[in-house]
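Residue numbers (the working numbering), protein chains in the order written: chain A, 13 to 568; chain B, 9 to 146. Where is the CB? At the ideal position from N, CA and C, for every residue including glycine. A quick note: this is a predicted structure, and the numbers were derived from the prediction, not measured. Okay, structure first, notes after.
So this is what it looks like as structure tokens:
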């Protein structure tokens, strides 16, 4: 930084001492009335230090400086001048009598802040938007048009291009269950893992480029370098499976096995050959479409295989149940368990995947029956007397004629968790069925409350005994006051209606403390317990529990 | 406390409101408490100032012509560097469940209902900055 000038109307020697701290700076002095005019004439002016108390002169100086994109520090005699300085958007201000260090610091700060002129502002917004169009802000990956431009030259020279289309199938499911914040985080992990993989595995990283489709799919371009043959199908398949493993490991280690179980990639590929008669962009877009279709074809084959897996699981009763404890928020004593059905077959491990497949194959009732039977087996073998069993039911299940008939010896110990992810079509009939179940002794919980599916209105409609708050409301609730307010509202509503609130997905101590303070009655989550297999009988009293915690006192 | 000294070094706040009177009242009230305040009178202006001011906290009016508060909040929260730290408080005339959901969707951290009294506003600002400090510390 050489030959920079600080222009000032101050005669105080402290200015000289302050500027001495700045490398390559000198001071130019002008009387206050001439200060504004000097801004355009004194060359190398990079900052203005103005101390006049005259509002008109101050305004003229600041405006002139800003028109020239020069930073201004205002020395303020009193509160009024300070206000004026802020009103005029001077970059910085100091109170009169400040020492040289302070003044140097203010000049520094003003320089870094120097606001571009008013015209520059709209440019800046446009630039930010423009950049957003070029790079996805979550993943940092370039968007498709950028990638096409970058590969254009190479593609022309080489004459061929391989497009790989990565379809991350259940990312939308992650968003639906855990909320958009989670999907954002998973996408960040995915993109980082993909970049890492490319850096490690490709000897010439420029050969392989990746772009993000803004939803949940990724596209890779592979342009072989000159003189190198294009990757063979075998090589691509091998690379894809390595990438898949790499991303899956990353997701599992960062986001846990629940999310990893939802993870599946189907990769389609297309070979595009350069043709000077056809526009290059169109060639590439067609290649992408072809690759996407290929990915879909693979997905369909996979699904057919999964349906076959499901059929054999149903035949062999290949479903087991994990029991996830629900505890009192204050005493941490076990109140009951939620039964979580899992497929024995690896491809059907995740209940979301299992039910998704069952829905496609019209096997929902059968799968639900099996899961219910499995869950209810634990009522006498796993649970202790007095503990409640929460089982998930879909509104569809109520149309199953077998449901509820002699399935349970003691319905009073069973809570049916209803989610509204499946829309309830015939509300009056549904409520009639609910009433019949209630008369048998069953209790009800509204699942995923606050997720956007179940508003307070529909909660009131179901007259639940329990309200289970959606995981997206609980995650990071300790730092988000809107979530806290929503939960508080729910708790108040529950207290007014004689229901209890369950916070699901409590993973951190801070979340646990926060929901306790908000008056939530019951808590479920990895922070206290992980879901456990039913193979071993339940712990005996006095056994040490996971993660002992200090007691929480309720304030609400 | 009235004589706001520079020494305290409170974090910068961006106040966004298309109503100049409202913005002025908020600005004066918070300035007296020593916060460096920058005012923007539209969503566009707020976004333009965002990178230069680098606010620790944004008080964002929801109902504005042009880019409304929701959109501004979304864009700010997506900023690659500043988005993760900035606390956004929505200033809204509505206190409906759906609005809070919308607020969560955009990534807002807190909200103040209009009409608010200034003490509530200051308390909201303080608790959000305190939250930010603990978040940054951990």
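Endpoints, the beta strand (DSSP E) within which residue i is located
i	result
residue 231(A)	229-234
residue 404(A)	400-405
residue 96(B)	95-100
residue 77(B)	Where residue 77(B) is concerned, there is no enclosing beta strand (DSSP E), although the alpha helix (DSSP H) it sits in stretches over 77-85.
residue 88(A)	83-88
residue 512(A)	512-515
Any chain A beta carbon closer than 8 Å to residue i
i	result
residue 14(B)	The predicted position of residue 14(B) is uncertain, since its pLDDT is 46 and thus under 50; a value taken from the coordinates is nonetheless stated next. Taking Cβ atoms only, chain A reaches closer than 8 Å to residue 14(B), which makes this a yes.
residue 37(B)	no
residue 60(B)	yes
residue 116(B)	yes
residue 72(B)	no
residue 88(B)	yes
residue 18(B)	no
residue 84(B)	no
residue 45(B)	yes
residue 112(B)	yes
residue 145(B)	no
residue 108(B)	yes
7 Å Cβ shell around residue i - same chain, five flanking residues per side excluded
i	result
residue 142(B)	none
residue 416(A)	449, 452
residue 146(B)	none
residue 61(B)	20, 22, 46
residue 94(A)	88, 105
residue 22(A)	61, 63, 87
residue 378(A)	326
residue 283(A)	172, 174
Cβ neighbour criterion (16 or more within 10 Å) applied to residue i
i	result
residue 165(A)	exposed
residue 145(A)	exposed
residue 480(A)	buried
residue 356(A)	exposed
residue 421(A)	exposed
residue 234(A)	buried
residue 293(A)	exposed
residue 27(B)	exposed
residue 79(A)	exposed
residue 327(A)	exposed
residue 398(A)	exposed
residue 131(A)	Because the pLDDT at residue 131(A) is just 49, under 50, the model does not fix this residue reliably, and the value given afterwards should be weighed accordingly. The residue in question, residue 131(A), is exposed, as its Cβ has fewer than 16 Cβ neighbours within 10 Å.
residue 471(A)	buried
residue 240(A)	exposed
residue 396(A)	exposed
residue 184(A)	exposed
residue 100(B)	buried
residue 447(A)	exposed
Any chain B beta carbon closer than 8 Å to residue i
i	result
residue 525(A)	no
residue 125(A)	yes
residue 149(A)	yes
residue 491(A)	yes
residue 207(A)	no
residue 65(A)	no
residue 98(A)	yes
residue 24(A)	no
residue 115(A)	no
residue 186(A)	no
residue 479(A)	no
Unbroken alpha helix (DSSP H) run spanning residue i, endpoints
i	result
residue 78(A)	67-79
residue 57(B)	51-61
residue 184(A)	183-190
Contacts around residue i, its chain only, beta-carbon distance under 8 Å, and the 5 residues preceding and following it disregarded
i	result
residue 40(A)	17, 18, 19, 20, 50, 54, 57
residue 171(A)	285, 286
residue 317(A)	359
residue 155(A)	145, 146, 147, 148, 223, 224, 226
residue 518(A)	486, 524, 527, 535, 536, 537, 538, 539, 540
residue 391(A)	401, 420, 421, 422, 425, 426
Cutoff 6 Å; reference residue i; Cβ partners in own chain excluding five residues on either side
i	result
residue 73(A)	47, 48, 62
residue 337(A)	346, 349, 541
residue 296(A)	160
residue 429(A)	402, 404, 457, 459
residue 277(A)	178, 180, 256
| request: Count the CB pairs spanning the stretch 81-89 of chain B and the stretch 56-70 of chain B that are closer than 8 Å, and state whether there are at least three. | output: Taking 8 Å as the limit for Cβ pairs, the verdict is that the stretch 56-70 of chain B does touch the stretch 81-89 of chain B.
| Quick check: the stretch 193-206 of chain A against the stretch 252-272 of chain A, are there 3 or more CB pairs under 8 Å? | yes
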